[in-house]
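All remarks here apply to the structure that follows.
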């Protein structure tokens with residue numbers, strides 16, 4: 578609708594909005610693609626008390642790290658803590674929050690963060706033999722299956738179609754390289770799509786040819802940190818800390834969907850359910866024990 582405000586993306590460009598609720602967002606879930614909000618919560622380890630909660634109209638979680646840290650810090654300060662309330666605490670997240678900006682933010686706040694990258698599980702010693710148990714039918718084409726044509730600076734795919742240079746010296750996370758792309762028309766009717774494209778709705782195949790890896794950055798430091806035996810043991814606790822909280826709200830409190838529209842209303846609904854969860858925890862553990870919690 579014309580009366581709706583423009584929804585701006587992280588890079589300052591206007592994003593496609595929903596006519597009914599332009600503050601909501603499309604996001605991929607276990608139930609498929611939905612239009613909705615992303616309920617976030619910061620939870621303490623000892624009693625699973627929600628320290629901060631907010632519903633965001635965005636699917637990707639990378640951009641939610643800073644506001645959640647800010648909310649948590651403000652709530653702790655409201656209880657009498659100082660501005661250094663979060664210094665030194667161990668903060669565990671899933672891979673969705675891994676980014677150079679988030680790791681830099683954690684360092685600035687002097688937070689002992691454990692934020693694994695997307696390849697974290699693949700490097701886990703427990704999964705060393707995982708490839709041996711995968712079905713050959715599920716094997717995807719790798720870079721080695723594409724032939725480089727030096728004269729034209731292109732690649733030929735297994736279906737004899739060309740991938741042309743889209744961007745030279747492109748930067749992806751901690752890597753720099755050349756990005757090659759196939760024509761959408763070639764990929765859309767290709768009989769080998771399932772063996773080539775990562776997802777069914779992916780439009781075309783791309784190749785990223787690594788040229789340089791930046792070593793001096795927060796991402797590289799986190800990869801080294803998270804791969805240590807101690808860090809893996811610490812991060813393994815995340816599942817048992819935060820997931821039961823979402824399970825309690827979703828299944829025990831029957832909050833399996835937001836029933837309102839608009840960021841303000843949805844956020845209030847999420848905060849109310851988080852409040853009910855906290856009241857239950859305080860009731861179970863006792864008020865005297867709760868007020869003595871040291872975060």
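In the numbering used here, the protein residues as written are 578 to 872. Built from N, CA and C at the ideal position, the CB exists for glycine as well.
Exercise. Out of 626, 730 and 609, point me to the one whose CA is closest to residue 778's CA.
Key: Translated into positions along the chain shown, residue 778 becomes position 201. It is 609.
Quiz item: Applying the criterion that 16 or more other CB atoms from any shown protein chain within 10 Å of the CB defines a buried residue, is residue 686 buried or exposed?
Solution: For this step, residue 686 is matched to residue 109 along the chain shown. Buried, since its Cβ has 16 or more Cβ neighbours within 10 Å.
Self-check item: Alpha-carbon spacing of residue 850 relative to residue 785, whole angstroms
Solution: One-based indexing of the chain shown puts residue 850 at position 273. One-based indexing of the chain shown puts residue 785 at position 208. One C-alpha to the other measures close to 44 Å.
Self-check item: Cut-off 7 Å between Cβ atoms - residues of its own chain near residue 781, not counting five sequence neighbours on either side
Solution: Counting from one through the chain shown, the residue named residue 781 turns up at place 204. Taken in chain order, the residues that qualify are 758, 759, 760, 761 and 764.
Quiz item: Would the region 802-812 and the region 831-846 be scored as touching if the rule is three or more Cβ pairs under 8 Å?
Solution: No, the region 802-812 is not in contact with the region 831-846.
Self-check item: As assigned by DSSP and simplified to three states, the class of residue 662
Solution: Sequence index remark: in the chain shown, residue 662 carries index 85 (1-based). Residue state for residue 662 is assigned as coil, using DSSP reduced to three classes.
Quiz item: Assuming residue 680 contacts residue 799 under a Cβ cut-off of 8 Å, what Cβ separation, rounded to an integer in Å, is found between them?
Solution: The sequence position of residue 680 within the chain shown is 103, counting from 1. The sequence position of residue 799 within the chain shown is 222, counting from 1. Taking 8 Å as the upper bound for CB-CB distance, residue 680 and residue 799 are in contact here, some 5 Å apart.
Quiz item: Can you tell me whether residue 625 is buried or exposed, with buried defined as 16 or more other CB within 10 angstroms of its CB?
Solution: Position 48 of the chain shown, counting from 1, holds the residue named residue 625. When all chains shown are included, residue 625 counts as buried.
Self-check item: Cut-off 7 Å between Cβ atoms - residues of its own chain near residue 783, not counting five sequence neighbours on either side
Solution: Within the chain shown, numbered from 1, the residue matching residue 783 stands at position 206. These residues qualify, in order along the chain: 756, 757 and 758.
Exercise. Go to residue 748, then tell me how far its beta strand (DSSP E) extends in each direction, as first and last residue.
Key: For this step, residue 748 is matched to residue 171 along the chain shown. Element bounds for residue 748: 739-749.
Quiz item: Which runs of the alpha helix (DSSP H) fall wholly inside the region 752-803 and span at least 4 residues, in chain order?
Solution: Listed in chain order, the complete alpha helix (DSSP H) runs (minimum 4 residues) inside the region 752-803 are 761-765, 770-773 and 795-803.
Quiz item: How should residue 618 be labelled, buried or exposed, when 16 other C-beta atoms within 10 angstroms of its C-beta is the threshold for buried?
Solution: Mapped onto the chain shown, residue 618 falls at position 41. Burial call: buried.
Quiz item: Taking Cβ positions, are residue 884 and residue 601 nearer each other than 8 Å?
Solution: Since the displayed the chain opens at 578 and closes at 872, residue 884 lies outside it and no answer follows.
Quiz prompt | Whether residue 731 touches residue 741 by CB criterion (8 Å) | solution = By one-based count along the chain shown, residue 731 stands at place 154. By one-based count along the chain shown, residue 741 stands at place 164. In this structure, residue 741 lies closer than 8 Å to residue 731 by Cβ.
Quiz item: Would the region 646-660 and the region 851-860 be scored as touching if the rule is three or more Cβ pairs under 8 Å?
Solution: In this structure the region 646-660 does not lie against the region 851-860, because fewer than three pairs of beta carbons, one per stretch, are closer than 8 Å.
Self-check item: Own chain, CB closer than 6 Å to residue 682, minus 5 neighbours either side, in chain order
Solution: In the chain shown, the residue the question calls residue 682 occupies position 105. If we look at residue 682 and ignore the five residues flanking it on each side, its Cβ neighbours are 643.
Practice problem: Determine the contact status of residue 689 and residue 673, defining contact as a CB-CB distance below 8 Å. | Solution: Position 112 of the chain shown holds residue 689. Position 96 of the chain shown holds residue 673. Using a Cβ distance threshold of 8 Å, residue 689 and residue 673 do not count as a contacting pair.
Self-check item: Whole-angstrom C-beta distance between residue 772 and residue 717, which should lie under 8 Å
Solution: Taking the chain shown and counting its residues from 1, one reaches residue 717 at position 140. Taking the chain shown and counting its residues from 1, one reaches residue 772 at position 195. The C-beta separation of residue 717 from residue 772 comes to about 6 Å, placing the pair in contact by the 8 Å criterion.
Self-check item: Selection from 663, 630, 724 and 830 that minimises the alpha carbon distance to residue 736
Solution: Within the chain shown, the letter at position 159 stands for residue 736. The residue with the shortest Cα to Cα distance from residue 736 is 724.
Quiz item: Which of the three DSSP states, helix, strand or coil, is assigned to residue 817?
Solution: Counting from 1 along the chain shown, the entry for residue 817 is found at position 240. Three-state DSSP puts residue 817 in a helix.
Quiz item: What does residue 609 pair with, by DSSP beta-bridge criteria?
Solution: Taking the chain shown and counting its residues from 1, the one referred to as residue 609 is at position 32. Secondary-structure assignment with DSSP links residue 609 through a beta bridge to 606.
Quiz prompt | Cβ shell of residue 862 (< 8 Å), same chain only, five flanking positions each side left out | solution = For the purposes of this step, residue 862 is taken as residue 285 along the chain shown, with counting starting at 1. These residues qualify, in order along the chain: 624.
Quiz item: Can you name, in chain order, every residue of its own chain whose Cβ lies under 6 Å from the Cβ of residue 871, other than the five neighbours on each side?
Solution: By 1-based counting over the chain shown, the position of residue 871 is 294. Note that residue 871 scores a pLDDT of 42, beneath 50, so its modelled location is shaky and nothing firm can be said.
Quiz item: Going by the beta-carbon positions, is the gap between residue 632 and residue 844 smaller than 8 Å?
Solution: Within the chain shown, residue 632 is the residue found at index 55, counting from 1. Within the chain shown, residue 844 is the residue found at index 267, counting from 1. With a cutoff of 8 Å on beta-carbon distance, residue 632 and residue 844 are scored as near each other.
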